[in-house]
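Here the structure comes first, spelled out in structure tokens, and everything after it is commentary.
Right, here's the structure in full:
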């Protein structure tokens with residue numbers, strides 16, 4: 536491989552992403568859709584095909600998934616998850632039924648098999664905790680009474696991913712029912728063990744990675760995360776879930792330090808992950824899936840608002856707050872792409888899957904924050920008109 | 323927050339008659355809030371990295387916040403003092419009312435006091451009078467639980483908790499050594 540050329544391509548790629556990220560900040564949207572667009576532009580049939588760095592970008596995008604999920608796990612303590620499970624399990628189930636169903640139903644309509652249905656269900660189900668946390672902070676809604684309900688829906692979704700991802704990995708790998716069941720059992724046992732260990736012996740896991748020097752600490756955390764992810768991947772539990780569980784098991788003080796040192800790396804590698812997903816999508820196929828993506832976007836916007844509305848009502852929030860909660864949850868993002876990325880590697884997946892998932896996430900990642908903003912004036916206008924009528 | 327807060331069941335803290343509700347916000351931090359007699363929700367959001375925001379809910383929509391004000395550590399202290407300092411002695415007296423024989427008093431460090439310019443430890447207050455210095459007020463700013471190396475200055479008000487006899491001795495010590 537020509538190293539000079541590879542370095543130039545990588546440099547151009549990252550610089551280009553930097554420009555896109557800046558643009559996203561300017562217009563106030565998440566950079567994820569722009570990274571996907573960047574990938575589409577560079578990829579097969581795109582403007583500037585990148586050649587010779589696939590080996591690096593493929594591995595880097597895997598590392599990106601591991602870091603995305605590790606940092607997600609680090610955000611939650613085990614007691615957050617157990618507490619959320621106790622309080623919000625019903626809201627979590629309503630959310631799953633309402634939002635996974637449209638994706639699952641889209642598959643037979645498009646002529647896809649059950650594998651495609653399972654993957655698409657995940658794509659439409661899971662909200663983007665990254666985008667939503669940022670939007671809530673930007674709009675000054677962190678102190679609102681509906682916010683705990685919004686966050687607990689996100690917690691439930693992330694926790695459900697610890698089972699959904701292994702199931703999907705097993706199904707995509709075409710495992711027999713027995714070995715599939717074994718994988719799911721492993722994931723379930725791992726989840727329970729991690730929660731118990733983190734609750735009872737939180738310091739033990741942290742002691743493995745902890746170090747007063749930030750350099751040593753960084754290397755240890757990354758090392759342990761990749762080891763755990765690799766082993767989880769070998770057990771067919773999926774690398775991301777391994778990293779997520781590790782993040783939960785690391786106790787709070789250490790988790791904060793880890794978040795600080797890992798965030799820049801996560802941003803770098805996750806950007807590569809989104810670009811690689813875009814690279815693997817043929818832009819020529821996008822126009823054909825736009826109608827389906829639009830219908831899915833409209834339907835799952837409504838179902839997500841319903842799920843948020845229900846969760847907020849459960850915690851005794853008033854009418855406007857329920858709508859705010861619903862609109863806040865609409866954004867889909869990194870998780871949908873993680874699920875779609877898993878599905879890409881399987882032969883059982885229809886070639887239309889990647890373009891549809893990309894288009895859907897592009898729509899929802901932009902639409903979600905906009906809806907979160909306009910829901911308050913729209914609600915005010917509608918209730919004034921209703922009162923006048 | 324620690325100190326005179328009493329932790330009670332169900333994620334609530336009670337301070338005198340105010341019921342403070344504590345809510346964990348997964349991935350963000352902890353929210354502590356209470357509803358004022360006027361029906362307004364007031365609270366503090368402590369982020370995971372330690373920075374704090376003052377929250378004030380609206381009147382029309384009590385679920386939403388009309389103001390979210392980020393405060394630095396120094397600003398938190400300043401605001402707490404502005405609101406809390408005048409009440410400190412009254413609160414302490416209130417709390418000790420239940421304990422038989424113990425009361426709270428405040429004594430000035432006068433210009434002639436032998437302890438002006440000397441550390442708290444030099445008074446050997448606890449050993450000599452069995453009383454405790456719980457706070458020092460200087461220029462309307464309260465230093466709660468001053469450490470033994472806290473240096474007194476003329477004009478300080480020393481808040482002391484103890485028995486009636488102990489407090490008399492303490493006043494004598496602060497004035498004449």
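Protein chains in written order, with this note's numbering: chain Y, 536 to 924; chain B, 323 to 499.
Cβ atoms here follow ideal geometry from the backbone N, Cα and C, with glycine treated the same way.
In this text the structure is predicted, and so the values were computed from the model without any measurement.
So the candidates are the options; which of them puts its Cα closest to the Cα of residue i?
i                      : options                    : result
residue 392 of chain B : B:365, B:380, B:383        : B:365
residue 589 of chain Y : Y:889, Y:550, Y:557, Y:540 : Y:540
residue 841 of chain Y : Y:649, Y:627, Y:606        : Y:627
residue 690 of chain Y : Y:608, Y:671, Y:853, Y:917 : Y:608
residue 688 of chain Y : Y:839, Y:917, Y:919        : Y:839
residue 629 of chain Y : Y:847, Y:856, Y:556        : Y:847
residue 659 of chain Y : Y:844, Y:868, Y:911        : Y:868
residue 557 of chain Y : Y:569, Y:548, Y:768, Y:764 : Y:569
residue 724 of chain Y : Y:693, Y:780, Y:882        : Y:780
residue 492 of chain B : B:403, B:340, B:372, B:448 : B:448
residue 496 of chain B : B:438, B:462, B:384, B:465 : B:438
residue 665 of chain Y : Y:710, Y:632, Y:648, Y:610 : Y:610
residue 434 of chain B : B:426, B:478, B:498, B:360 : B:498
residue 423 of chain B : B:452, B:384, B:464        : B:452
residue 426 of chain B : B:383, B:373, B:468, B:490 : B:490
residue 757 of chain Y : Y:642, Y:598, Y:673, Y:546 : Y:598
Of all the CB atoms in chain B, is at least one closer than 8 angstroms to the CB of residue i?
i                      : result
residue 906 of chain Y : no
residue 789 of chain Y : no
residue 918 of chain Y : no
residue 863 of chain Y : no
residue 678 of chain Y : yes
residue 726 of chain Y : no
residue 537 of chain Y : no
residue 682 of chain Y : yes
Regarding residue i and the ligand FAD, is the C-beta to nearest heavy atom distance less than 7 angstroms?
i                      : result
residue 448 of chain B : This structure lacks the ligand FAD; in fact it carries no ligand of any kind.
Since residue i is in the alpha helix (DSSP H), which residue starts that stretch and which ends it?
i                      : result
residue 294 of chain B : Nothing about residue 294 of chain B can be read from this structure; chain B reaches only from 323 to 499.
residue 836 of chain Y : 821 to 849
residue 913 of chain Y : 888 to 923
residue 801 of chain Y : 787 to 814
residue 566 of chain Y : 566 to 577
residue 666 of chain Y : 664 to 673
residue 448 of chain B : 447 to 451
residue 459 of chain B : Segment 454 to 460 is the beta strand (DSSP E) holding residue 459 of chain B; no alpha helix (DSSP H) there.
residue 749 of chain Y : 749 to 769
residue 683 of chain Y : 682 to 707
residue 727 of chain Y : 712 to 735
residue 630 of chain Y : 613 to 644
residue 868 of chain Y : First-last for residue 868 of chain Y: undefined, no H or E at that position.
Measure the beta-carbon distance from residue i to residue j and round it to whole angstroms, keeping in mind my assumption that it falls under 8 angstroms.
i                      : j                      : result
residue 362 of chain B : residue 381 of chain B : 7 angstroms
residue 577 of chain Y : residue 814 of chain Y : 6 angstroms
residue 349 of chain B : residue 620 of chain Y : Wrong, their Cβ atoms sit about 15 angstroms apart, outside the cutoff.
residue 718 of chain Y : residue 705 of chain Y : 4 angstroms
residue 667 of chain Y : residue 806 of chain Y : 19 angstroms between Cβ atoms; not a contact.
residue 857 of chain Y : residue 911 of chain Y : The pair is not a contact, with the Cβ atoms about 12 angstroms apart (cut-off 8 angstroms).
residue 778 of chain Y : residue 625 of chain Y : Contact doesn't hold; Cβ gap of about 29 angstroms is too wide.
Provide the residue span of the beta strand (DSSP E) that contains residue i, from first to last.
i                      : result
residue 364 of chain B : 363 to 369
residue 375 of chain B : 374 to 379
residue 482 of chain B : 479 to 485
residue 388 of chain B : 387 to 393
residue 428 of chain B : 424 to 430
residue 346 of chain B : 340 to 347
residue 466 of chain B : 463 to 466
Spell out whether any CB of chain Y is found under 8 angstroms from the CB atom of residue i.
i                      : result
residue 360 of chain B : no
residue 478 of chain B : no
residue 370 of chain B : yes
residue 340 of chain B : no
residue 393 of chain B : no
residue 381 of chain B : no
residue 350 of chain B : yes
residue 327 of chain B : Unreliable placement is indicated for residue 327 of chain B, whose pLDDT of 41 sits below 50; the coordinate value is still reported in the next sentence. False, the Cβ-Cβ gap to chain Y never drops below 8 angstroms.
residue 404 of chain B : no
residue 386 of chain B : yes
residue 345 of chain B : yes
residue 353 of chain B : yes
residue 488 of chain B : no
residue 377 of chain B : yes
Query raised in the report: Any contact of the stretch 674 to 694 of chain Y with the stretch 349 to 366 of chain B, i.e. 3+ C-beta pairs under 8 angstroms?
Result: Yes: at least three Cβ pairs fall under 8 angstroms.
Query - Given 8 angstroms, three or more beta-carbon pairs between the stretch 794 to 803 of chain Y and the stretch 892 to 902 of chain Y - result: Between the stretch 794 to 803 of chain Y and the stretch 892 to 902 of chain Y, the count of Cβ pairs shorter than 8 angstroms is below three; the stretches do not touch.
Query raised in the report: When the Cβ atoms of the stretch 784 to 793 of chain Y are set against those of the stretch 739 to 755 of chain Y, are three or more pairs found closer than 8 angstroms?
Result: Three or more Cβ pairs drawn from the stretch 784 to 793 of chain Y and the stretch 739 to 755 of chain Y lie within less than 8 angstroms of each other, which places the two stretches in contact.
**Report entry** Contact the stretch 642 to 659 of chain Y vs the stretch 881 to 889 of chain Y: 3+ CB pairs below 8 angstroms
**Finding:** The answer is yes - the stretch 881 to 889 of chain Y touches the stretch 642 to 659 of chain Y, with three or more Cβ pairs under 8 angstroms.
Query raised in the report: Touch check for the stretch 775 to 789 of chain Y and the stretch 818 to 826 of chain Y: three-plus C-beta pairs under 8 angstroms?
Result: By the Cβ criterion, the stretch 775 to 789 of chain Y is not in contact with the stretch 818 to 826 of chain Y, since fewer than three pairs of Cβ atoms, one from each stretch, lie closer than 8 angstroms.
Query - the stretch 696 to 711 of chain Y / the stretch 770 to 781 of chain Y touching (three or more Cβ pairs under 8 angstroms) - result: Flag = yes, the stretch 696 to 711 of chain Y and the stretch 770 to 781 of chain Y touch.
Query raised in the report: Would you say the stretch 458 to 478 of chain B touches the stretch 438 to 445 of chain B, given that touching needs at least three Cβ pairs under 8 angstroms?
Result: With a cut-off of 8 angstroms, the stretch 438 to 445 of chain B and the stretch 458 to 478 of chain B count as touching, because enough Cβ pairs lie within range.
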